[in-house]
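Undergrad:
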Amino acid sequence: MPDFVQLFIALVVAAITYGTPLLFGTLGEILTEKSGNLNLGVEGIMFMGGALGLGGVFYYEKAVSVPNGILAVLIGMVCAFIAGAIASLIFSFITITLRANQNVTGLALAIFGTGIGQFAGEYMRIQEGGYISISNELKVFFINSPFPQALQDLPYVGNILFGNSIFFYLGILLAVAMFLYFGRSRSGLHLRAVGESPATADAAGISVTRYKYLATVIGGGISAIGGMVYITTIAGCVWNHEGLSGVGWLAVALVIFCLWRPLNAIWGSVLFGALMILYLRLALPFIPTQLYKILPYVVTVIVLIFSSMRNNKEKQPPASLGLSYFREDR
Amino acid sequence: METVCAIEMRNITKRFGSVTANDHINFRLNRGEILALLGENGSGKTTLMNMLSGIYFPDEGEIFVNGKPVSIRSPKDAYDNGIGMIHQHYKLVDVFTAAENIVLGLHESGRLDIKAVNEKVRAICEKYGFDIDPTQKIYDMSVSQKQTVEIVKVLYRGADILILDEPTAVLTPQETEKLFSILRSMKADGKAIVIITHKLHEVMELSDRVAVLRKGASIGTVATCETSPQALTDMMVGHAVTLNIQRPQYEHPEKRLELQGITCFDAEGVKKLDDVSFTAMGGEILGIAGIAGSGQKELLEAIAGLYPVASGSIRYSPAGREPSDLVGKTPMQIKKAGVAMAFVPEDRLGMGLVGSMGMTGNMMLRSWRKGKGAFVNSRDPNELARQVWKELDVVTPSTEFPVRRMSGGNVQKVLVGREIASAPSVLMTAYAVRGLDINTSYTIYNLLTEQKMKGVAVIFVGEDLDVLLELCDRILVLCGGKVSGVVDGRTASKEEIGLLMTRVGGKEAE
Chain A
1 MPDFVQLFIA LVVAAITYGT PLLFGTLGEI LTEKSGNLNL GVEGIMFMGG ALGLGGVFYY
61 EKAVSVPNGI LAVLIGMVCA FIAGAIASLI FSFITITLRA NQNVTGLALA IFGTGIGQFA
121 GEYMRIQEGG YISISNELKV FFINSPFPQA LQDLPYVGNI LFGNSIFFYL GILLAVAMFL
181 YFGRSRSGLH LRAVGESPAT ADAAGISVTR YKYLATVIGG GISAIGGMVY ITTIAGCVWN
241 HEGLSGVGWL AVALVIFCLW RPLNAIWGSV LFGALMILYL RLALPFIPTQ LYKILPYVVT
301 VIVLIFSSMR NNKEKQPPAS LGLSYFREDR
Chain B
1 METVCAIEMR NITKRFGSVT ANDHINFRLN RGEILALLGE NGSGKTTLMN MLSGIYFPDE
61 GEIFVNGKPV SIRSPKDAYD NGIGMIHQHY KLVDVFTAAE NIVLGLHESG RLDIKAVNEK
121 VRAICEKYGF DIDPTQKIYD MSVSQKQTVE IVKVLYRGAD ILILDEPTAV LTPQETEKLF
181 SILRSMKADG KAIVIITHKL HEVMELSDRV AVLRKGASIG TVATCETSPQ ALTDMMVGHA
241 VTLNIQRPQY EHPEKRLELQ GITCFDAEGV KKLDDVSFTA MGGEILGIAG IAGSGQKELL
301 EAIAGLYPVA SGSIRYSPAG REPSDLVGKT PMQIKKAGVA MAFVPEDRLG MGLVGSMGMT
361 GNMMLRSWRK GKGAFVNSRD PNELARQVWK ELDVVTPSTE FPVRRMSGGN VQKVLVGREI
421 ASAPSVLMTA YAVRGLDINT SYTIYNLLTE QKMKGVAVIF VGEDLDVLLE LCDRILVLCG
481 GKVSGVVDGR TASKEEIGLL MTRVGGKEAE
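Chains as they are written, first to last, in the working numbering: chain A, 1 to 330; chain B, 1 to 510.
1) Where do the N-terminal and C-terminal ends of the beta strand (DSSP E) with N22 (chain B) fall, by residue?
2) What residues match up with T515 (chain B) in a beta bridge as DSSP calls it?
3) Mind checking whether A159 (chain B) and E33 (chain B) have CB atoms under 9 Å apart?
4) Under three-state DSSP, which class holds R125 (chain A)?
5) I want to know whether the stretch 480 to 499 of chain B touches the stretch 315 to 334 of chain B - three or more CB-CB distances under 8 Å.
6) Quick check: the Cα distance between G56 (chain A) and L31 (chain A), rounded to an integer number of angstroms?
7) Contact check, G121 (chain A) vs W239 (chain A) under 8 Å by CB: the rounded distance?
8) Quick check: is the beta carbon of R192 (chain A) nearer than 9 Å to any beta carbon in chain B?
9) Going by DSSP in three states, T197 (chain B) sits in which element: helix, strand or coil?
10) Measuring alpha carbon to alpha carbon, tell me which of B:V19, B:I12, B:N11 ends up nearest R405 (chain B).
11) K363 (chain A) touches chain B at which residues, Cβ-Cβ below 8 Å?
12) Can you give me the Cβ contacts of A223 (chain B) inside the same chain, cut-off strictly under 6 Å, excluding the 5 residues immediately before and after it?
13) Measuring only the C-alpha atoms, how far is S218 (chain B) from G25 (chain A)?
14) Is L284 (chain A) buried or exposed, if buried means 16 or more other CB atoms sit within 10 Å of its CB?
15) Please list the partners that K76 (chain B) has in chain A, where partner means a Cβ-to-Cβ separation under 7 Å.
16) Any C-beta of chain B within less than 8 Å: which residues of the stretch 200 to 228 of chain A qualify?
17) Checking 9 Å against the spacing of the C-beta atoms, do P21 (chain A) and M48 (chain A) come in under that value?
18) List the DSSP bridge partners of E242 (chain A).
19) Output, in chain order, the set of chain B residues within a Cβ distance shorter than 9 Å of E196 (chain A).
20) Need the endpoints of the beta strand (DSSP E) that V210 (chain B) sits in, please.
21) Name the two residues that bound the continuous alpha helix (DSSP H) containing T216 (chain A).
22) I need the straight-line Cα distance from L326 (chain B) to D488 (chain B), nearest angstrom please.
23) Quick one: list the residues of chain B neighbouring L189 (chain A), beta-carbon separation under 8 Å, in chain order.
24) Going along the chain, which residues of its own chain have a beta-carbon closer than 7 Å to the beta-carbon of V4 (chain B), five neighbours each way excluded?
25) Comparing the C-beta of Y512 (chain B) with each C-beta of chain A, is any distance below 9 Å?
26) Measuring only between beta-carbons, confirm whether I55 (chain B) sits less than 9 Å from chain A.
27) Taking its Cβ as the centre, do 16 or more other Cβ atoms sit within 10 Å of T135 (chain B), making it buried, or is it exposed?
28) Can you check whether the C-beta of V185 (chain A) is within less than 9 Å of a C-beta belonging to chain B?
29) Less than 7 Å between C-beta atoms, sequence neighbours within five positions excluded: which residues of the same chain meet that for S197 (chain A)?
30) Please list, in chain order, the chain A residues whose beta carbon lies closer than 7 Å to that of H24 (chain B).
31) Contact check, R15 (chain B) vs A21 (chain B) under 8 Å by CB: the rounded distance?
32) Hey, out of B:T233, B:A289, B:K329, whose CA is closest to P308 (chain B)'s CA?
33) Label K390 (chain B) either buried or exposed according to how many other C-beta atoms from any shown protein chain fall within 10 Å of its C-beta, with 16 as the threshold for buried.
34) Is the CB-CB distance between T232 (chain A) and N37 (chain A) below 9 Å?
35) Name the two residues that bound the continuous beta strand (DSSP E) containing R281 (chain A).
36) Short check: CB of L257 (chain B) to CB of V426 (chain B), under 9 Å?
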């Protein structure tokens, strides 16, 4: 294999690794935003998911003598999901029931969640007197591919298609499931109606409040799994209070980039993952790394410009995004 | 013929805070009839019907459907009882297809089979003679098509009691005629229909009985064939209003605004105004008629400097001053020169008023530049607000009460009142009386006539042809962005204008 092909494959594989947490963060936020709720607290939610997901796996390993790898992955996901769901429940209560401004609440949640995540991580570290880390035997279940080595060894495509962590494949399944849900199911149609025009949905007998709560809470849970995925696959299964910063904001940007479509999130997150690591892989000496790091945001801005220049109704955000709904308002 | 009662409402009361919107109302609707619900703005018509459609829940009273007492707590309950309401503002999701909108909210078992839905929708359309494509997206549809989707939606759910809230407000005469024939065929099918309307001639033409509300109380129900527009107006407003709009002749009309070949394009490059030329005289009311979206809005905005003019000139000759060309001037300069615009959009608040501010704040939007130094002068706007409040009978607790929370008609009074108060030399109004009751409409007509007699050139974009014919000195008809004709308001007939509205120059053969 020529050198540049190897370099390219390595870049793609790394991009997928970095893109996977984004994929979960983005898919969760897409679900939330489809209901018309703009939850800007993804950053905080992913922090909480990261700290508590890792904590869950750590204490599970500590509690049993022979930990089961698959169970550990599940526990990590469930713990992260619950953490994110609780954070989103707070957001939902404040914005849906009390009808507070979503932007303000979301920003507050970003700060709050970051704090809670850091606190939980540090607290566990001090309690345990050292690093919160998962043993190497268990790590492989988080990091290594679930496919047999023979598939991964296929020339050229093997590593890209079959060499990624289990979370990437779960993310793709989730994206496809969400695509089918939005486009084909009755409940998905209702959810989109709630996000587009809650008054219409309400008049049609759809419970706006229930859909908004469920979408936001489940969406928050999915986003939080992204935080756990980041900690376990990229940050080396060790709690590091700086590791996650910025990932949640990228996920929010990625939702716009994907035009609120789950299938776009798959390649979008890989692209953003590539942009995130470009400064490590393709460093040009005269460009400071900070410029590289803003690339994802620059791309988002460009997409925003193009999607709003032509007034294409199909490529717009859910029409009532960010607005709270009150039936007797005019 | 024996009448079967579809709905009966007994002693219904609904309060919003300290305001009683419906006060012990009794209401009865029979099968196989069209009942018109008539009343001034804020008389509680929509509120009453919203309690049938599950949007509001009555504070007191009982509702019977087919003789059985029911509790309607949500729109779903309403559908379960066979009641479907077509709201004034269509409740449709723009990015969905007609069929998707129609099945929205239905909890049928099994997975969503959109093809089967399309077929069922087509079958309903065939039965009643609707003309819509179930796979078309809503944002591609005309207003009348959207309304059709709403009606099909209700029928799809098996509703046999239909409530239409001001269904003709946005339709052309031809579309209205089509709607009426559909309603008649549904009536013949045994359905019970309520239409909420202000337009007396529609009541007379379509309905079997009329129920009249006034200030939240029911005044009475009469058979349409036994009443007259005059009697209904009396019931509605409580005292007789002259049906004739005064139209004095101004002595010395002079050219005020001369448009030459104005052409405009929108952001997508679509021609919105095509070679529009006309003259507006000081001391006359120039009516502008046309189907919604024929370029009325663009025309007014082009004059006000808010819409880019691609070619043409607007010659403005204020009394006793040098004429000038308005094209290329900023809205602020044009406003200063004495051109005022009161545009009442469909949502009433969109242009011109800030919903969360009170009357005073909104008056200030016109005058904030006048104050000296860094502070705004709030005394004069406050005085003006009080004046508008008193003269136009605006119903609001105070001048600081947010206009967003006033009823639609009152919001409009604030908007029009403010524009008139700025003493312009050209006054443009669009849909100034949209949704207003007769009494308030007349107040506004008189205000406009008063302005005309002061030598102001008034441009009045209206929807109701009867009003245009009675109020305006001349009527300009727009069709697809072109001027299709200018007629004399005193001699023209309604049919003549209706024809011009649909055919450019009245020449194109159908």
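All C-beta atoms, glycine included, are put in the ideal place defined by N, C-alpha and C.
TA: The short version:
1) In the second sequence, residue 22 (chain B) corresponds to position 22, counting from 1. Unbroken beta strand (DSSP E) run through N22 (chain B): 19 to 30.
2) Not covered by the structure: residue 515 (chain B). The range shown for chain B is 1 to 510.
3) Numbered from its first residue, the second sequence carries residue 159 (chain B) at position 159. Numbered from its first residue, the second sequence carries residue 33 (chain B) at position 33. Result no, Cβ atoms of A159 (chain B) and E33 (chain B) do not sit closer than 9 Å.
4) Reading the first sequence from its first residue, position 125 is the one you call residue 125 (chain A). In this structure, R125 (chain A) counts as helix in the three-state DSSP scheme.
5) no
6) Here residue 56 (chain A) refers to the residue found at position 56 of the first sequence. Here residue 31 (chain A) refers to the residue found at position 31 of the first sequence. Using only the alpha carbons, I get a separation of about 25 Å.
7) Against the first sequence, residue 121 (chain A) aligns to sequence position 121. Against the first sequence, residue 239 (chain A) aligns to sequence position 239. Right, their Cβ atoms sit about 4 Å apart.
8) The sequence position of residue 192 (chain A) within the first sequence is 192, counting from 1. Yes - at least one Cβ of chain B is within 9 Å of the one on R192 (chain A).
9) Sequence index remark: in the second sequence, residue 197 (chain B) carries index 197 (1-based). DSSP places T197 (chain B) in strand when its eight states are reduced to three.
10) The residue you call residue 405 (chain B) lines up with position 405 of the second sequence. If we check each option's Cα against that of R405 (chain B), B:V19 comes out closest.
11) Outside the modelled stretch of chain A, which goes from 1 to 330, sits residue 363 (chain A), for which no answer is possible.
12) Sequence index remark: in the second sequence, residue 223 (chain B) carries index 223 (1-based). Cβ within range, chain order: R209.
13) Here residue 218 (chain B) is taken as the residue at index 218 of the second sequence, counted from 1. Here residue 25 (chain A) is taken as the residue at index 25 of the first sequence, counted from 1. So the alpha carbons of these two residues sit roughly 56 Å apart.
14) Your numbering for residue 284 (chain A) matches position 284 in the first sequence. Answer is exposed; the Cβ neighbour count stays below 16.
15) Along the second sequence, read from residue 1 onward, the residue named residue 76 (chain B) stands at position 76. Simply G205.
16) T200, A201, D202, A203, A204, G205, I206
17) Taking the first sequence and counting its residues from 1, one reaches residue 21 (chain A) at position 21. Taking the first sequence and counting its residues from 1, one reaches residue 48 (chain A) at position 48. No, the Cβ-Cβ distance between P21 (chain A) and M48 (chain A) is not below 9 Å.
18) The residue you call residue 242 (chain A) lines up with position 242 of the first sequence. Looking at the DSSP assignment, E242 (chain A) forms no beta bridge with any residue, so it has no partner.
19) One-based indexing of the first sequence puts residue 196 (chain A) at position 196. Within 9 Å Cβ-Cβ: V93, D94, V95, F96.
20) Residue 210 (chain B) sits at position 210 when you count from the first residue of the second sequence. From DSSP, the beta strand (DSSP E) with V210 (chain B) extends over 209 to 214.
21) Taking the first residue of the first sequence as 1, we reach residue 216 (chain A) at position 216. First-last of the alpha helix (DSSP H) with T216 (chain A): 208 to 229.
22) What you label residue 326 (chain B) is simply residue 326 of the second sequence in a count that begins at 1. What you label residue 488 (chain B) is simply residue 488 of the second sequence in a count that begins at 1. Answer to the nearest angstrom: the Cα atoms are 27 Å apart.
23) For the purposes of this step, residue 189 (chain A) is taken as residue 189 along the first sequence, with counting starting at 1. Within chain B, the residues near L189 (chain A) are F96, E100, V103, L104, L112.
24) Reading the second sequence from its first residue, position 4 is the one you call residue 4 (chain B). Answer for V4 (chain B): N30, R31, listed in chain order.
25) Residue coverage of chain B in this structure runs from 1 to 510, which leaves residue 512 (chain B) outside it and unanswerable.
26) Counted from its first residue, the second sequence places residue 55 (chain B) at position 55. At least one chain A Cβ lies under 9 Å of I55 (chain B).
27) Locating residue 135 (chain B) in the second sequence gives position 135, where the first residue counts as 1. Exposed, since its Cβ has fewer than 16 Cβ neighbours within 10 Å.
28) Against the first sequence, residue 185 (chain A) aligns to sequence position 185. Note that residue 185 (chain A) is Ser in the sequence shown, not Val. So yes, S185 (chain A) belongs to the interface.
29) For this step, residue 197 (chain A) is matched to residue 197 along the first sequence. Within the same chain, S197 (chain A) has close Cβ partners A319, S320.
30) Translated into positions along the second sequence, residue 24 (chain B) becomes position 24. Within chain A, no residue comes near H24 (chain B); the closest Cβ sits about 21 Å away, beyond 7 Å.
31) Taking the second sequence and counting its residues from 1, one reaches residue 15 (chain B) at position 15. Taking the second sequence and counting its residues from 1, one reaches residue 21 (chain B) at position 21. The Cβ separation is near 7 Å, so the contact holds.
32) In the second sequence, the residue the question calls residue 308 (chain B) occupies position 308. Here the closest residue by C-alpha is B:K329.
33) Counted from its first residue, the second sequence places residue 390 (chain B) at position 390. Flag for K390 (chain B) reads exposed.
34) Position 232 of the first sequence, counted from the first residue, corresponds to residue 232 (chain A). Position 37 of the first sequence, counted from the first residue, corresponds to residue 37 (chain A). No; because the gap between Cβ atoms is not below 9 Å, this pair is not in contact.
35) Taking the first sequence and counting its residues from 1, one reaches residue 281 (chain A) at position 281. R281 (chain A) -> not in any beta strand (DSSP E); alpha helix (DSSP H) instead, spanning 262 to 281.
36) As a first step, residue 257 (chain B) is located in the second sequence; it is residue number 257 there, counting from the start. As a first step, residue 426 (chain B) is located in the second sequence; it is residue number 426 there, counting from the start. Yes, the pair counts as a contact, with Cβ atoms nearer than the cut-off.
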